[in-house]
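S.K.: For the sequence shown, position 190 matches number 191 in this note's numbering, and the numbering has no gaps at all.
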Amino acid sequence: MEKLPNWSKLGLGTGTLASLGRAASLSEVDRLVATMLDIGVKVIDTADSYGSGDCEYLIGKVLRERRESFTIITKAGYRFSNLPYPFRPLNQFVKKGLQHLGFRQRFTTAYLSKCIDSSLLRLRMEYVDAFLLHNPPLEIIEDERLISLCTSLIKAGKTKQTGVSSENPEVIRAAIASGAFTIIQTPANLKAAAMLRTLWNECDDHQIHVIGNHVFEPTCLNLDGVTHEMLMRGSSALLPENATILCGTRNPSHLRQTNHWASMPLPVAEAERLAACRT
Ligand SMILES: NC(=O)c1ccc[n+]([C@@H]2O[C@H](COP(=O)([O-])OP(=O)(O)OC[C@H]3O[C@@H](n4cnc5c(N)ncnc54)[C@H](OP(=O)(O)O)[C@@H]3O)[C@@H](O)[C@H]2O)c1
Numbered sequence: 002m003e004k005l006p007n008w009s010k011l012g013l014g015t016g017t018l019a020s021l022g023r024a025a026s027l028s029e030v031d032r033l034v035a036t037m038l039d040i041g042v043k044v045i046d047t048a049d050s051y052g053s054g055d056c057e058y059l060i061g062k063v064l065r066e067r068r069e070s071f072t073i074i075t076k077a078g079y080r081f082s083n084l085p086y087p088f089r090p091l092n093q094f095v096k097k098g099l100q101h102l103g104f105r106q107r108f109t110t111a112y113l114s115k116c117i118d119s120s121l122l123r124l125r126m127e128y129v130d131a132f133l134l135h136n137p138p139l140e141i142i143e144d145e146r147l148i149s150l151c152t153s154l155i156k157a158g159k160t161k162q163t164g165v166s167s168e169n170p171e172v173i174r175a176a177i178a179s180g181a182f183t184i185i186q187t188p189a190n191l192k193a194a195a196m197l198r199t200l201w202n203e204c205d206d207h208q209i210h211v212i213g214n215h216v217f218e219p220t221c222l223n224l225d226g227v228t229h230e231m232l233m234r235g236s237s238a239l240l241p242e243n244a245t246i247l248c249g250t251r252n253p254s255h256l257r258q259t260n261h262w263a264s265m266p267l268p269v270a271e272a273e274r275l276a277a278c279r280t
């Protein structure tokens, strides 16, 4: 596995940067990126379907010559609409319609090959650092054609690494067993820890980089006075030491604060006690 130079403890999650009706402006994203550079947050997690491509477009436009300072992760597998201008504002409605009609995901090799090429165009990049399958079903992880595709994307220089994003323990177990992936992204909140912690450790044993998302799961908050700080420091204690944790925000002060918390894990016993209360 090629070691990526720019991993950091915290990463920026961009799931809501281009949300329908409340997309971030270029200057907002520019401020976030400036804060990331200031505090050493180097990972940006996105997906082709976030904002129907608009999120990648925004990131590409803001990063420009700063691209080499960041580790860029994108994902594919969800279907979305990609209408050209001036119809782009309709994309997110069409995506919702496709999902409503049951056309939610697609994992054929031809489709995924097109996805990564389109992502690179939107991101204005020659390569991404990691390309992840976005919540694939189990049979996809066991499909040799998909595994070959991942290898060929690395060989073609389109991505440095490939991985799987999933909350399904069976899928994660199969992804580890396949030996084909070097990154696993999973929920990493204190509730998820009960089900996934042994798999996080297995990833670590196999030199698979763990990326944790959804740490501030709303149902974990405020119970017994639990704060955002306790959740982040708790997850940081239970994840493997070199894991990356995503923070989904467009607020630079929240990013600074969360970065500070992520670097101060709770004592493991305290994190385990908090996690046990959440199951
Ligand atoms: N692969 C997948 O299927 C998948 C699934 C879920 C998430 N993800 C990735 O993981 C990222 C993060 O996960 P998430 O979006 O579920 O959200 P999250 O990071 O767990 O929580 C985001 C929420 O926390 C708030 N927040 C952040 N820092 C805070 C702070 N210091 N104090 C108080 N509130 C704070 C944010 O509000 P403000 O905006 O006000 O800061 C936002 O409402 C996503 O953006 C996406 O990149 C991937």
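Using N, Cα and C, we set each Cβ at its ideal position, and we do this for glycine too. Remember, it's a predicted structure, so these values are computed and weren't measured experimentally.
Given the structure, does Gln258 come close to ligand 1, in the sense that its CB is under 7 Å from one of the ligand's heavy atoms?
M.R.: At least one heavy atom of ligand 1 is nearer than 7 Å to the Cβ of Gln258, so yes.
S.K.: Specify, as a first and last residue, the run of the beta strand (DSSP E) that His101 falls within.
M.R.: Run containing His101: none in the beta strand (DSSP E); it sits in the alpha helix (DSSP H), 92–101.
S.K.: On the premise that Ile117 lies in contact with Ile292, defined as a C-beta separation below 8 Å, what is that separation, rounded to the nearest angstrom?
M.R.: This structure gives no information on residue 292, because the portion of the chain shown stretches from 2 to 280.
S.K.: Does at least one heavy atom of ligand 1 sit under 7 Å from the Cβ of Val63?
M.R.: Incorrect: Val63 has no Cβ contact closer than 7 Å to ligand 1.
S.K.: Which same chain residues end up closer than 6 Å to Ala263 when comparing Cβ atoms and leaving out the 5 residues on each side of it in sequence?
M.R.: Excluding residues within five positions, the ones whose Cβ falls inside 6 Å are Lys10, Leu11, Met233, Ser237, Ile246.
S.K.: What are the start and end residues of the alpha helix (DSSP H) that includes Asn202?
M.R.: Asn202 -> alpha helix (DSSP H) spans 191–206.
S.K.: Which residue from Ser166, Arg123, Lys115, Leu154 puts its Cα closest to that of Asn136?
M.R.: Selected option, being the one with the closest Cα: Ser166.
S.K.: Just to confirm the assignment: which complete beta strand (DSSP E) runs, minimum length 3, are found wholly within the stretch 25–94?
M.R.: Counting only runs of 3 or more, we get 44–46, 72–77.
S.K.: Could you check whether Ile142 and Val172 sit closer than 8 Å to each other, using their CB atoms as the reference points?
M.R.: The answer is yes: Cβ separation under 8 Å.
S.K.: Short of 6 Å in beta carbon distance, which residues of its chain neighbour Lys76, apart from the five on each side in sequence? Order them along the chain.
M.R.: Ala48, Leu133, His135, Ser166.
S.K.: Considering only DSSP beta bridges, list what Thr187 is partnered with.
M.R.: Paired residues: Gly213.
S.K.: Give the list of continuous beta strand (DSSP E) stretches no shorter than 3 residues that lie fully inside the stretch 115–150.
M.R.: You should have 129–135.
S.K.: Counting C-beta neighbours from all protein chains within 10 Å, is the total for Ser120 16 or more, i.e. buried, or is it exposed?
M.R.: Ser120 should be labelled buried.
S.K.: Would you kindly report the start and end of the unbroken alpha helix (DSSP H) that includes Val172?
M.R.: Run containing Val172: 170–179, per the alpha helix (DSSP H) assignment.
S.K.: Can you find a heavy atom of ligand 1 that lies under 7 Å from the Cβ of Asn252?
M.R.: Yes, ligand 1 has a heavy atom inside 7 Å of this Cβ.
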